[in-house]
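Residue numbers (the numbering used here): 44 to 322.
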């Protein structure tokens with residue numbers, strides 16, 4: 044099977060990737076300053092910046108949130124198992140790198156079905172026995188939970204952390220993003236945690252314009268920009284931890300992040316929830 048490289052993009056199996064079709068994962072990579080993207084992804088980002096000019100800021104703030112929340116879970120809550128749904132492309136300071144700095148025996152499972160993510164992720168993780176990346180649709184929890192690498196690394200009788208970082212807006216309502224999170228919550232042991240954040244806006248025009256742009260650019264591989272109330276509903280089965288559900292820039296920020304530019308048109312909104320004992 045042939046391999047190709049387009050511009051400064053990643054090495055991938057050409058039979059598996061339509062280079063003319065942008066993906067949310069590769070667009071996110073470009074907004075973060077990465078090189079694992081193609082011309083179509085970059086062009087789509089330029090269109091996105093016309094509609095929402097602070098999209099780069101929102102991507103950066105979201106990435107820093109991921110890094111902070113994983114460290115808090117590992118250092119302060121003793122979590123040693125992480126499940127990253129819709130993990131996206133590997134970049135600096137990935138989940139396993141942060142968690143394994145706290146405890147080298149921490150286990151991390153990444154889940155994504157983007158072929159570029161899988162190609163690069165596999166090469167990154169090949170020498171790390173405590174991590175795996177699964178080529179599964181993140182809504183297919185039955186396949187995920189039964190996958191040999193998942194059962195090797197994740198013990199549902201012990202607390203774990205499930206991460207849905209900037210990914211649920213990629214799912215249409217018909218895919219049941221709330222139901223997906225609830226299935227995962229029901230499988231986790233009490234004392235586990237769930238992290239959810241997604242793109243929201245209180246401006247109807249921004250929600251409609253970005254949703255339509257991304258739907259067209261990704262060939263329908265997109266959900267919608269939602270409202271804060273939609274995110275709050277996802278936490279109904281969880282005990283929300285301080286500081287509550289917020290713009291992720293405000294989730295336990297450090298001094299460096301306080302100097303960062305905020306997104307204006309839309310925000311990443313969410314937080315950390317704890318799985319409580321069943322009645």
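In this text, a Cβ means the ideal position worked out from N, Cα and C, and glycines have one as well. Bear in mind that the values here come from a model prediction, so they are computed numbers and not experimental data.
Give every residue of the same chain whose Cβ lies closer than 7 Å to the Cβ of residue 63, excluding the five residues on either side of it in the sequence, and list them in chain order.
Contacts found: 83.
Given a cut-off of 9 Å, decide if residue 176 and residue 152 are closer than it, judged by their beta-carbon atoms.
Yes; because the gap between Cβ atoms is below 9 Å, this pair is in contact.
DSSP three-state label for residue 113, please.
Helix, per DSSP.
By alpha-carbon positions, which one of 195, 74, 216 and 179 ends up nearest to residue 92?
Of the candidates 195, 74, 216 and 179, 74 places its Cα closest to the Cα of residue 92.
At what residues does the beta strand (DSSP E) containing residue 128 begin and finish?
Where residue 128 is concerned, the enclosing beta strand (DSSP E) stretches over 124-128.
Which stretch, first to last residue, makes up the alpha helix (DSSP H) that contains residue 247?
247-260
What three-state label does DSSP hand residue 269 in the structure shown?
Correct three-state label for residue 269: strand.
Residue nearest to residue 128 in terms of C-alpha spacing, selected from 94, 211, 217 and 293:
211
Buried/exposed call for residue 174, threshold 16 Cβ in 10 Å
buried
Any idea what DSSP makes of residue 188, helix, strand or coil?
helix
Closer than 6 Å by C-beta to residue 277: which residues in its own chain qualify, once you throw out the five before and the five after it? Chain order, please.
221, 224 and 239
Taking residue 218 as part of the beta strand (DSSP E), name the residues at either end of that continuous run.
Unbroken run through residue 218: none, as it is neither H nor E.
On the three-state DSSP scale, how would you describe residue 204?
strand
So for residue 176, helix, strand or coil by DSSP?
strand
Reference residue 267, options 117, 138, 311 and 118, closest by Cα
311
Could you tell me if residue 214 is buried or exposed, where buried requires 16 or more neighbouring beta carbons within 10 angstroms of its beta carbon?
Around the Cβ of residue 214, a 10 Å sphere holds 16 or more other Cβ atoms; the residue is buried.
Which whole-angstrom value is the C-beta distance of residue 320 and residue 233, which I expect to be below 8 Å?
4 Å
Euclidean distance between Cα positions of residue 216 and residue 250
14 Å
Which residues in the same chain have their Cβ closer than 7 Å to the Cβ of residue 300, if we skip the five residues on either side of it in sequence?
The predicted model places residue 300 with a pLDDT of 47, which falls under 50 and marks its position as unreliable, so this point remains unresolved.
In or out: residue 72 buried (at least 16 other Cβ within 10 Å) or exposed?
buried
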